[in-house]
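First up is the structure itself, then whatever we jot down about it.
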Amino acid sequence: MVVSSPTNMDTFPTNFPPSGDNGLTSSQTEFQKMLIDERLRCDHHKTNYQTLKAEHTRLQDEYMKSQNELKRLLIEKQSNQEKLQLLLEELRGELVEKTKDLEEMKMQVLTPQKLELLRAQIQQELETPMRERFRDLDEEVEKYRAEYNKLRYEHTFLKSEFEHQKEEFARILGEEKIKYESEIVRLEEDKEELHKQLLSVDPTKDSKRTEQLLREKVHLCQKLKGLEAEVAELRAEKENSGAQVENVQRIQVRQLAEMQATLRSLEVSF
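Take the sequence shown: its letters are residues 1 to 270, numbered as in the UniProt record's numbering.
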C-alpha cells in the first residue's frame, strides 16, 4: 500500500499584499483557495495515514497472534497425530495378540475324540490314587482291628486278674481280720486277767511279781499296737492295689473307646 507523505503547507504564506490590479487579485484569491484546498487535502491525507498506520499496527499484532496460534495448533495437531499413531500401533498389537489367542483357542477346541481321550486319562489319574488310598485304608483298618482285639483281650485278662486279686485280697484280709480279732480278744482277756491279778495281789508282799506283770502288760500293749499297725498297713495296701487296678482299667477302657471310634470313622470313610 502506497501512502503519500503530506506536504507542510505552513511554509507557504496565505496572505499576499494588496494590489490594484483586479486580475492579480482574482489570481491571488484563486491561488489562496487552491492552497487552502491543498492544505485540507494534506490534513485529510495525514489523518488517513495515522488511521492506516494504527490499523496496520493492529493488523500486524493480529497477524503475529494468528501465526502463534497457528504454530500452537500445528504443534497440538502433530502431538495428537503422534498419540493417535501410538494408539493405532497399540491397537494393532492388541489385535494381533487377540488374533493369536483366537487361533490358539481354535486349536484347543476339544473334538469328540480328544474329549474321550481326556476323559479316559482323567479317570485313570483319579482311579489309581483312589485304589492306593483304599488299599492303605484296608491295611490301616486291619492294623487297628488287630490292635483293638489285642487291647480287648488285655482288658479282659486284666479284668479277670483284677477280680481274682480282689477276691484274694478279700480272702487274705478276712483271714487276717479273724486272726487279729481273735488275738485282740485273747489279749483283752489276758489284760482283764492281769488286771484282776493286780487287784488281788498285795504290792508289799510280791513286788517282783508286780514288776513282771507290768512288763508283760507293756509287752502286750506294744504287741497290740504292732498288730493294729500291721492291719492298717494291709488295709492301705489293699486300697492302693485297688486304686492302681482301677486306674489301669480306666486307661484300658479309654483306649478301647478310642479304638472303637477310630474303627467307626474308618468304616464311615469307606
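A virtual CB, placed ideally from N, CA and C, is assigned to each residue, including glycine.
Check: residue i C-beta below 7 Å from any heavy atom of the ligand ATP
i   : result
Y63 : Ligands in the displayed structure: none, and consequently the ligand ATP is not present.
Distance CB(residue i)-CB(residue j) smaller than 8 Å
i    : j    : result
M259 : E147 : yes
E189 : V231 : no
Y180 : L227 : yes
V248 : L158 : yes
Other residues of its chain near residue i: CB distance less than 7 Å, five sequence neighbours each side excluded
i    : result
R152 : L256
A261 : none
K217 : L194
T14  : Note that T14 has pLDDT 44, beneath the 50 cutoff, so the model's placement of it is unreliable and no number is given.
Whole-number beta carbon distance between residue j and residue i, since they are thought to touch under 8 Å
i    : j    : result
L224 : I251 : Rounded, the Cβ-Cβ distance is 41 Å, inconsistent with contact.
L220 : L199 : Not really, about 17 Å apart at Cβ, beyond 8 Å.
L173 : L234 : 6 Å
Cβ shell of residue i (< 8 Å), same chain only, five flanking positions each side left out
i    : result
E112 : Looking at the sequence itself, residue 112 is Pro, so the reference to Glu does not match. Contacts found: none.
S265 : none
Sequence-distant residues of its chain with Cβ nearer than 6 Å to residue i (five each side left out)
i    : result
P129 : none
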